[in-house]
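Input: a single structure, listed below in structure tokens.
This is the structure:
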């Protein structure tokens with residue numbers, strides 16, 4: 104087994120002044136960590152090669168060590184030999200601290216840093232109108248970078264999948280055992296039959312929830328129920344639950360990969376960039392070609408190759424391997440193994456906007472300067488794993504149906520998600536948001552200047568069921584080249600209309616509830632730059648706001664979509680098998696035919712759990 108860098112407590116023995124300096128030079132620390140990890144791994148790999156031939160035959164080869172690939176590796180290695188190939192390295196210690204989540208985005212050592220093409224209809228507050236898409240690079244994947252929101256999606260999301268597929272095994276009720284399998288739930292809803300106990304991933308409220316109860320009470324006043332947002336809900340609000348343990352991020356990396364990595368049946372090779380799936384003349388996948396520490400290598404599968412490289416890199420690998428639209432492959436001189444027009448198509452994302460600031464007259468939100476960077480908070484976290492450092496800032500959320508969903512007789516299927524971020528605007532707020540979401544720094548500095556030092560909070564309002572569909576293409580046949588990513592955000596005016604109604608409801612919850620009026624809750628009167636020529640708070644203003652301050656929540660799905668055989672844009676069947684290629688499956692968010700209304704990490708784990716179960720049953724002696 105290759106050596107793992109010894110965990111180092113990032114706060115041990117340092118003062119507040121030193122901590123501030125460390126935070127200002129995070130890029131240096133992350134680069135040093137990554138270099139140490141890479142060198143250690145290279146030395147371990149060289150030692151294995153020196154003492155004997157490196158094993159190159161396995162029952163299963165899994166490409167990608169994120170929430171999908173890590174889960175599949177943990178399950179299959181119980182009975183089979185498994186090779187897990189991951190392009191990145193270990194999760195670093197900073198990533199384990201929930202309060203550091205926003206600051207972890209965009210660093211190339213741990214983030215693929217994808218960019219879309221320029222957007223015509225939105226992203227106007229982003230440089231060149233290009234959206235920045237983070238994707239986790241390293242064991243644990245994007246779950247190492249996300250805001251730790253446990254959200255399965257609405258039950259109707261999965262019932263819709265089952266209808267699209269013509270396969271009832273994908274309904275919410277049929278998937279519930281897989282949702283529960285990895286879960287160790289600790290919370291108020293544990294007796295409603297919707298949750299698991301004793302699984303690998305602990306799901307609980309963070310120790311600090313800030314303004315969450317105020318937000319939930321306000322929504323209840325307006326008629327929205329408090330309900331389990333990881334159960335059988337139609338709409339409602341609640342405090343956010345995290346995959347967290349002892350105050351630290353505890354997703355697939357900590358709960359699954361680390362718990363099984365010493366199994367003799369599991370081989371993990373980090374810093375391995377897979378360039379091509381090996382496919383024989385009978386269209387049978389039999390291995391992969393990859394580069395590791397400057398050496399070209401091959402590995403061979405006795406049974407199957409499983410692609411779990413994420414919604415951007417899974418279609419990329421299929422295309423590089425000759426699986427995809429024939430015209431596109433021909434244009435890049437890639438030999439066609441299987442003409443599959445759907446590879447890279449059906450791309451979906453939750454277009455969102457960062458709504459706020461909302462001001463309050465009492466210190467009920469948390470301030471980085473006041474509440475986080477102080478010796479008491481740090482000591483509490485280090486000694487007890489409690490306090491404000493246990494939160495990413497996401498404290499409560501809600502799902503609701505806009506007037507458009509109701510007009511379509513879909514009031515029981517929400518089309519908006521709102522997430523309350525209980526963080527005040529501090530001195531570095533604009534620069535942190537700008538770097539994390541790829542926004543224009545100067546523009547945000549101007550907009551948020553009036554709010555610096557005042558108690559406030561935000562809402563991220565997200566389009567839960569977008570109609571827009573985009574695509575991913577190769578820029579060249581070079582595996583290291585960036586992708587062409589066109590999400591077609593707001594191409595359909597109906598998406599804009601739904602989000603505008605969602606924004607109005609989000610403001611209404613704050614300004615027309617007793618819970619928030621008791622603390623002076625109100626939306627800012629500052630006009631967003633670029634929207635000065637429309638009437639403030641009109642529908643036109645909210646549309647202008649959303650078209651400017653357009654952000655992704657990194658919920659990209661659909662680019663290797665599941666579908667029926669008679670749909671020419673289907674890439675995999677309901678067994679996750681790639682059409683036209685034997686012994687090749689895809690198991691990650693890319694196979695979702697339609698994005699669920701909530702966050703995508705939990706459904707990705709469920710796809711992996713179900714996929715691993717199907718594979719085990721197929722190959723079990």
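In the numbering used here, the protein residues as written are 104 to 724.
Ideal Cβ placement from N, Cα and C applies to all residues, glycine included.
Use the C-beta contact count for residue 545: other C-beta atoms within 10 angstroms, 16 or more gives buried, fewer gives exposed. By the neighbour-count rule (16 or more Cβ atoms within 10 Å), residue 545 is not buried but exposed.
Of the choices 228, 563 and 380, whose alpha-carbon is the least far from that of residue 81? Missing from the structure shown is residue 81; the chain here goes from 104 to 724 and no further.
Candidates 129, 468, 188 and 339: closest to residue 623 by CA position: Distances from the alpha-carbon of residue 623 to those of 129, 468, 188 and 339 put 468 closest.
Rounded separation between residue 231 and residue 543 - CA only: When the Cα atoms are used, residue 231 and residue 543 turn out to be separated by approximately 10 Å.
According to DSSP, what are the bridge partners of residue 394? Its beta-bridge partners are 376 and 399.
Candidates 311, 294, 306 and 287, of which the one nearest residue 300 by Cα: It is 287 whose Cα lies nearest to the Cα of residue 300.
Answer yes or no: do residue 158 and residue 370 have a C-beta to C-beta separation smaller than 9 Å? A contact, by the Cβ cut-off of 9 Å.
Alpha-carbon to alpha-carbon, residue 315 and residue 208: Computed Cα separation, rounded: 24 Å.
For residue 382, does the three-state DSSP call read helix, strand or coil? The DSSP-derived three-state label of residue 382 is strand.
May I ask you to report which of helix, strand or coil DSSP gives residue 289? Strand, per DSSP.
For residue 684, tell me which candidate among 399, 438 and 383 has the shortest Cα-Cα distance. Per the C-alpha coordinates, the member of 399, 438 and 383 positioned closest to residue 684 is 383.
Taking residue 320 as the reference, give the member of 706, 449 and 500 with the closest Cα. If we check each option's Cα against that of residue 320, 500 comes out closest.
State the Cα-Cα distance for the pair residue 677 and residue 531, rounded to the nearest angstrom. Each residue's CA atom was taken as its position, placing residue 677 and residue 531 some 47 Å apart.
Residues in its own chain within less than 6 Å of residue 136 by CB, not counting five upstream and five downstream? Cβ within range, chain order: 195.
Apart from the five residues just before and just after residue 609, which ones in its own chain have a Cβ nearer than 7 Å to its Cβ? Correct list, in chain order: 458, 521, 562 and 564.
DSSP three-state label for residue 713, please. Helix, per DSSP.
Indicate the three-state DSSP secondary structure (helix, strand or coil) for residue 735 in the structure shown. Outside the displayed span of the chain (104 to 724) sits residue 735, for which this structure offers no information.
Is it right to say residue 669 is buried, meaning 16 or more other beta carbons lie within 10 angstroms of its own, or is it exposed? Exposed is the label assigned to residue 669, since fewer than 16 other Cβ atoms lie within 10 Å of its Cβ.
Could you tell me which residues DSSP pairs with residue 668 in its beta bridges? Answer is none; residue 668 lacks a bridge partner.
Residues in its own chain within less than 8 Å of residue 730 by CB, not counting five upstream and five downstream? The requested residue 730 is not part of the displayed model; the chain covers only 104 to 724.
Can you grab the Cα-Cα spacing for the pair residue 197 / residue 328, in whole Å? Cα to Cα, the separation comes out at about 36 Å.
Residue 576: first and last residue of the uninterrupted beta strand (DSSP E) it sits in: In the DSSP assignment, residue 576 falls within the beta strand (DSSP E) that extends over 574-577.
Do residue 181 and residue 362 have their CB atoms nearer than 9 Å? The answer is no: Cβ separation not under 9 Å.
Backbone secondary structure at residue 439 - three-state DSSP: Note: residue 439 maps to coil in three-state DSSP.
Please classify residue 571: does DSSP put it in a helix, a strand, or coil? DSSP places residue 571 in coil when its eight states are reduced to three.
Throw me the rounded Cβ distance for the residue 229 and residue 541 pair, which I believe falls under 8 Å. Confirmed, about 6 Å.
Only counting the same chain, and skipping five residues up and downstream in sequence, which positions put a Cβ closer than 6 Å to that of residue 661? So the list reads 449, 450, 451 and 695, once near-sequence residues are dropped.
Buried/exposed call for residue 51, threshold 16 Cβ in 10 Å: What the structure shows of the chain is the stretch from 104 to 724, and residue 51 is not part of that stretch, so it cannot be assessed.
Quick one: any contact between the region 591-600 and the region 217-227, if contact means 3 or more CB pairs under 8 Å? Flag = yes, the region 591-600 and the region 217-227 touch.
Assuming residue 447 and residue 575 are in contact, meaning their beta carbons sit under 8 Å apart, how far apart are those beta carbons, in whole angstroms? With a Cβ gap of about 4 Å, residue 447 and residue 575 count as contacting.
Is residue 664 close to chain B? Criterion is C-beta to C-beta, closer than 9 Å. Going by chain labels, chain B is absent from the structure shown, which holds only one protein chain.
Nearest-angstrom Cα separation, counted from residue 588 out to residue 573: In this model, residue 573 and residue 588 are separated by some 8 Å (Cα to Cα).
Under 8 Å, with one C-beta from each stretch per pair, do the region 199-215 and the region 421-434 reach the 3-pair mark? Taking one beta carbon from each stretch, the region 199-215 and the region 421-434 have fewer than 3 pairs nearer than 8 Å; the two do not touch.
With three or more beta-carbon pairs closer than 8 Å as the criterion, would you say the region 241-257 touches the region 699-716? Contact annotation: the region 241-257 touches the region 699-716, with at least three C-beta pairs closer than 8 Å.
Kindly list the residues whose CB is nearer than 6 Å to the CB of residue 439, restricted to its own chain and excluding five residues on each side of it in sequence; keep chain order. The answer, listed in chain order, is 425, 429 and 432.
Runs of 3 residues minimum, wholly inside the region 137-185: which ones carry the beta strand (DSSP E) assignment? List check, beta strand (DSSP E) in window: 160-166.
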